[in-house]
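Here the sequence shown stands for residues 1196 to 2408, where the numbers follow our numbering. Glycine is no exception: its CB is placed at the ideal position from the N, C-alpha and C atoms. Computed from a prediction, not measured in an experiment: that's the story for all the values here.
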Amino acid sequence: MFAGMAHAATAINDVYTFTESANTPFQLPVVQDNDDYAGFPSLEITEVFSGDISWFSIVDPGDGVPEYVALTPGAAFTTGVIEFNYKVTDSNGASEGFVSVNVIADAAFSLADDSFFVGAGQSITFDVTDNDTLPTEYTYDDDTSGVTLGVLIDEAAIGRYTFNAGSVSGSTSFTYTADAVPAQTGTVTIFVDAGTDPKSIITADTTTFTVNEGGAQSVVLTRSGSTQSAISIDISLAGSSTGDLGDFTLLPSTVSWAAGESGSKAVTLSILVDTEIEVAETLVFDFVNATGGAEYSGASLVATIPSTDGVNFSAATQTVNENGASATVTVNRTGTGAGAASIAVQLNTGSTTATLGSDFTFTDPTTLSWTSGETGSKTVTIPITYDSDNAEATEKISLDLVSASNLIVGATSAHTVDIVNVAPIDVVSFVSASYSVAEGDGSVTVQAQRVGAGSGVASVNVALSATETAAEGVDFTYPAVVTLSWADGEMGTKDVVIPIVADSETEGAETFSLELLDPPTNATTGTVKITQVTITNVVPLDEVGLVLTEPNVTEGGQITVEVTRTGGGSGAASVTLGVGAESVAELDADLSVATGSSLTVSWADGDTATQSVVFDVTADSLLEEVEAVLFELSAESNVTLGAISTISGTIADDGSITVDDLDAIGFVSVAIRAAEEVGEVVVQFVRTGAGVGVVEATVVSVLSETLNEEVLEPTIVKTVPAQGDDFTLPANATLQWADGEVGVKTLVVQISPDTNTQIGGIDTDPDGEYFSLKIDPDSLVGNIAVNEDSAEAEVVIYAQARLGDLVEEGSPVREVADAIDGLCSASSADEELDEECDQLNALDASEIETALEQVLPKTVEAQIRSAVELAGNQLQNMRRRLTELRSGRNQVSVNGLNMTLFDESVPLTAAMQSLIEESKGGAAGADEGGLLSSPWGVFINGTITVGDQDDTDGSIGYDVRSRGITAGVDYRISRTMVLGGALGFGESDTDFNQSAGSQGARNLTLTVFGNHFINDKIYADWIVSYTKNDFDIERSFEVLSGSTHQVEASPEGHQYSIAVGGGYDYVRGALQVTGFGRIDYIMSVIDSYEESGSIYALILDEQEADSLETAFGVKTSYVFSTKRSVLIPTVELEWVHQYAGDDRQIEAAFAVAPSAGSFSVETESSDDDYLNAGFSFTGTFSGGTSGYFRYDTLVNESDRSRESYTLGGRYEF
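Here is the structure:
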């Protein structure tokens, strides 16, 4: 401590050292240790420079001891330096000092260096071991021999000294050791000064910068910290990359602040300009010689002077030919490329002799630019114009470099282009520098062209330049030289055709080159002097095709389509499988791609495996016909389509919806005729079925010229109407049936009257218009389908209401309509007929057809059939008799023979033999007239037939009952032949369906017949007959509602019948099997007759019909014999074929006016084939008496039936 003096307090700088583990807060007696003060001074911290301080405080210990600083480092602070300024104030004034606190790492034992400050002429006492880490016991030693600037006194305690400073400032030091820390030496430094300064910090705003030549850079220095003392600092050049120190000035070089002065000072570095091209230069300045406690904080100043680049033309002159196309002028930038730079190339018009625009083209001036860091050359291209002036001299273009930016123009600042005149000459060259040809193309054409004026004959030789990878004679053929010639005035191209050889090898592309040989005649070669031809290898593409594994499937199933790839499998390939446009079945609607399948089929390189695409077939709720599905391949990649690239299959309905499930809708009439004068056509539609659900359908019109000849007579003018002019559909042409509703709906089509005028003698709106109406199948809503037979109706419109016009051509009642038109036209006084005609004319087309169908005499079919049926009964009766006669020859011998009874061949078993030869009881004995004893015989046979015929389109069905009886006599001429005659009578009753009337028929038949045994097993017989027929006919029909017409007639007729038959008997014991055949011919005639009772009564022409049938069959019999009888059951089946039962045309006319017109009535043809089945039972008794019963029926007819019953007997005499 210093004694107080009569001047302001003086703060002395302090340094303290603590270990990392020392107790905190640190106690810093900064005033007490070495400051000069009077009285009791105060203490404060003014500024912290470095370190992390968590907490500090000024502590007053009392007892007259000066205040001290208590300081705690921050939590994250471990070791390092804490610096701050402090101020001490006493009664005479204040002073600032600087404190440095060093915190060092802990060690087991260590010695810490110490620094102590003392004023000149003053004393300080200190202990060097305060900051050391030492054990309790240790040996201490020091070396104070070098202490100067004062007297050092060693106090009694170890490490405690007092230093009395002299008057000279400076520093002195000594060392000490401790045996506990043998590897360390502690150093104690004592600083002696007349007064100490607090710390001031000097900082610069920038330390690194670039200054171009001619530029300047200012650096701002700022003072912070204490302003108590005057301070200064020097700025000194520490290093330079330039040898010329005259390149810059730095002002000022010393910067000072007075005591109490703060703020900033500026230092300016200026770079001088020179004309030298230099590289970049660097200047480094340090801050030195700080005074007054000043300290510079920061890096040295580093200034960079960028390099200076030069620019020159690459050459002073150049020469170009007039036909050289252009001149290229090169400008070079040399140097480092620092900074962006530019220069302008300018035309020197005073020195230029060439004419801008006619001799050359140039943008004056042209600026060339370099980016920062870029050096090297830039070019200016000057197009040269080639003219036809052969006599002009060399012309000159003069250029200068001007307007340099960041560049120094060098010595070559001017450039001259000399343009040398060139007389024009044509140029020959290849059209292209390369050609390509596929190996399989056969040849490649290479073209050479002549360009220029075409003056004179020119030619050039084309030679093979190099074969490269293609071999001449192997891959292509080419002669040694090909000469191409052009005539005088000829320009354009010439062809060189080179044959290409195709091979089967898989190889890469091969090349060869052609060259235009120099020199050509009267020409020069152009730039494309050599051309290369590339031959690309053609690898045959694989083929893809289709295989349909399951071509026919049912809804709900799957279709698998296999896609094959055949070939070498070179390269990846793909193809797309789709459903073709012509396919009825549609993708997504009728079938879809199954999960895991894709329409795109792909193969990897080398893969040729067959791929499968699976389609799920949709099971819909529609009733559909079998749908065709067409699969096709497309979008092939690296493959070609093979022969089978399309394949088809079918999709059948799954049957879940049947016709019975769907209602049907259609036109009631498909042919509609109407008179224009009526003004409208009422069109009817009918829904049939269960009526489940609401259904809808829309009607549309169709105009088709193809209907002309089909629907109109040739004499009628045929026109296609215009929708809206001649007819109009309702605005709402949609028909709807409610749920549960079936039946008829109507749609009214309006008919517009003709507005016919003539232009040039041609009708503009003639009669005879026609169109069609159809049910749009796409408009159907609900559970319904269009009836295909009535999906469309033809409509014909006539100017007048004539029945014949309103009935469709080809209709079965068209002739009837024409006849009624004639009948109505001929009417005069018959009121009933006139009224009937008026009512008929009021009907529409469909109603007319329905009405006139009733006029046709559909019952005439039954007349011939009943006559044939009656004749057939008589033939059947005669056949039964012939079978009886065939039994007669069995009287001779029974060994191995048989007899035929009532068409049954009977084997003569032992039981039968006993009846013939040993009849017991005498009645049947051979001598008393056995079974077959007399040559004469009489017989009577009867047949009853019951049958029916269903209605057909052309005739009315009926129920028939017929009866026939035949009686006759025969004589056995010999053992092998019998002749006879018979008379038969038959009648039938027919009731027609639909209450259409009835018919009765009677016949009388005269017959002769015979039988002949060819041998023991084969027989033949014949029948010839003539029949007279009488008929009673009643017809009942209703033409108009509420009016029933009844007509009657009694025609007559006759028939001729011839029948020939034969058979073969096979007998084995009691069993007999007989095969037989026959031919029946019946010619029937019904005389012409006239009906009466109605205006619709008819006159019908004579009818003639032939029936020619063959029958082949088999029958089986078995004989049961007793002592007095033989019983024989028989089963028979025969096939009948009709040869002459064709349909017939019967001419008819109305009886009230036959001349009004006739019409034809068409009957249906008979069935060509049918089967008869029969069962019979025969009994033969002793004495020649026999009885017979037979039942016959049709077994394979769906529209008619027939049953007959035959009963017969025979008695010999």
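CA nearest to the CA of residue i, picked from the options
i, options, result
"Gln-1806", "Thr-1813, Ile-2168, Trp-1798", "Trp-1798"
"Val-2133", "Glu-1590, Gly-2159, Val-2173", "Val-2173"
"Asp-1209", "Glu-1350, Leu-1329, Lys-1394, Ser-1237", "Lys-1394"
"Leu-1445", "Ser-1427, Ile-1466, Arg-2263", "Ile-1466"
"Asp-2211", "Thr-2269, Thr-2200, Phe-1671, Asp-2186", "Thr-2269"
"Asn-2224", "Ser-2238, Tyr-2214, Phe-2180, Val-1748", "Phe-2180"
"Ala-1588", "Glu-2299, Ile-1579, Asp-1613", "Asp-1613"
"Leu-1558", "Leu-1786, Phe-1404, Thr-1544", "Leu is not the amino acid found at residue 1558; the sequence shown has Thr there. Closest option to Thr-1558, Cα to Cα, is Thr-1544."
"Gly-1366", "Asp-1309, Ile-1754, Thr-1328", "According to the sequence as given, residue 1366 is Ser; it is not Gly. Looking at the Cα atoms, Asp-1309 is the closest of the given residues."
"Ile-1428", "Ser-2279, Pro-1447, Gly-1410, Phe-1443", "Pro-1447"
"Val-1943", "Arg-1997, Pro-2007, Arg-1882, Ala-1869", "Ala-1869"
"Asp-2275", "Tyr-2251, Glu-1819, Ile-2209, Ile-2294", "Tyr-2251"
"Ile-2059", "Ser-2236, Gly-1999, His-2249", "His-2249"
"Gly-1409", "Ser-1638, Pro-1501, Gly-1605", "Pro-1501"
"Thr-2140", "Asp-2146, Ala-1461, Glu-2182", "Glu-2182"
"Ile-1846", "Ala-1988, Pro-1746, Val-1788, Val-1758", "Pro-1746"
"Gly-2017", "Thr-1941, Val-1669, Ser-2353, Glu-1871", "Ser-2353"
"Phe-2315", "Asp-2338, Glu-2357, Thr-2375", "Thr-2375"
C-beta contact flag for residue i and residue j at 9 Å
i, j, result
"Leu-2047", "Val-2011", "yes"
"Val-2409", "Val-1756", "This structure leaves residue 2409 out entirely; the chain is present only between 1196 and 2408."
"Tyr-2400", "Tyr-2383", "no"
"Ala-1633", "Thr-1566", "no"
"Ile-1867", "Val-1981", "no"
"Thr-1145", "Ser-1546", "Beyond the ends of the chain as shown, which are 1196 and 2408, falls residue 1145; an answer cannot be given."
"Val-1897", "Leu-1968", "yes"
"Asp-1683", "Ser-1650", "yes"
"Leu-2303", "Ala-2344", "no"
"Ala-1425", "Trp-1452", "yes"
"Ser-1629", "Thr-1722", "no"
"Phe-1707", "Ser-1778", "no"
"Ile-2218", "Leu-2077", "yes"
"Val-1264", "Phe-1244", "no"
"Asp-2216", "Val-2262", "no"
"Ser-1290", "Gln-1379", "no"
"Pro-1236", "Thr-1274", "no"
Near the ligand FMN: residue i beta-carbon under 8 Å from a heavy atom
i, result
"Val-1346", "No copy of the ligand FMN appears in this structure; indeed no ligand is present at all."
Nearest-angstrom beta carbon gap, residue j and residue i [assumed within contact, 8 Å]
i, j, result
"Pro-1268", "Thr-1219", "7 Å"
"Phe-1272", "Asp-1247", "4 Å"
"Val-1506", "Pro-1560", "Not confirmed; about 14 Å, so no contact."
"Val-1889", "Ala-1933", "6 Å"
"Phe-1480", "Ala-1433", "6 Å"
"Val-1676", "Val-1657", "7 Å"
"Ala-1454", "Val-1415", "Not a contact, Cβ separation roughly 21 Å."
Counting pairs of Cβ atoms below 8 Å between the stretch 1472 to 1486 and the stretch 1530 to 1549, do you hit three or more?
-> yes
Is the stretch 1640 to 1659 in contact with the stretch 1732 to 1747, if contact means three or more CB pairs nearer than 8 Å?
-> Fewer than three pairs of CB atoms, one per stretch, sit closer than 8 Å, so the stretch 1640 to 1659 makes no contact with the stretch 1732 to 1747.
Unbroken stretches of the beta strand (DSSP E), 3 residues or longer, contained in the stretch 1698 to 1748 | 1705 to 1711, 1725 to 1731, 1737 to 1743
Count the C-beta pairs between the stretch 2310 to 2329 and the stretch 2280 to 2291 that are closer than 8 Å, then say yes if the count reaches three, no if not.
-> Below 8 Å, too few C-beta pairs join the stretch 2310 to 2329 and the stretch 2280 to 2291 to call them touching: fewer than three.
Between the stretch 2196 to 2212 and the stretch 2232 to 2246, are three or more C-beta pairs nearer than 8 Å?
-> no
Any chance the stretch 1299 to 1308 sits against the stretch 1205 to 1220, with 3 or more Cβ pairs inside 8 Å?
-> Enough Cβ pairs lie closer than 8 Å, so yes.
Check whether the stretch 1682 to 1699 touches the stretch 1589 to 1596, taking contact to mean three or more Cβ pairs, one atom from each stretch, closer than 8 Å.
-> no
At what residue ranges does the stretch 1240 to 1302 contain a whole run of the alpha helix (DSSP H), taking only runs of 4 or more?
-> Positions of the alpha helix (DSSP H) runs, each at least 4 residues long and wholly inside the stretch 1240 to 1302, cannot be given because no such run exists.
Is it true that the stretch 1328 to 1340 meets the stretch 1362 to 1375, where meeting means three or more beta-carbon pairs spaced less than 8 Å apart?
-> yes
Taking 8 Å as the threshold, find out whether the stretch 1377 to 1387 comes into contact with the stretch 1313 to 1324 through three or more Cβ pairs.
-> yes
What are the uninterrupted segments assigned as beta strand (DSSP E) that are 3 or more residues long and contained completely in the stretch 1617 to 1702, given in chain order?
-> 1622 to 1625, 1629 to 1633, 1638 to 1646, 1653 to 1661, 1676 to 1681, 1687 to 1694
Could I get the ranges of all uninterrupted beta strand (DSSP E) runs contained in the stretch 1353 to 1397, with 3 residues as the minimum, in chain order?
-> 1355 to 1360, 1365 to 1373, 1381 to 1388
Which full runs of the beta strand (DSSP E) of 3+ residues lie inside the stretch 2180 to 2217, going along the chain?
-> 2192 to 2208
Could you say if the stretch 2367 to 2381 and the stretch 2325 to 2335 meet the contact criterion of at least three C-beta pairs nearer than 8 Å?
-> yes
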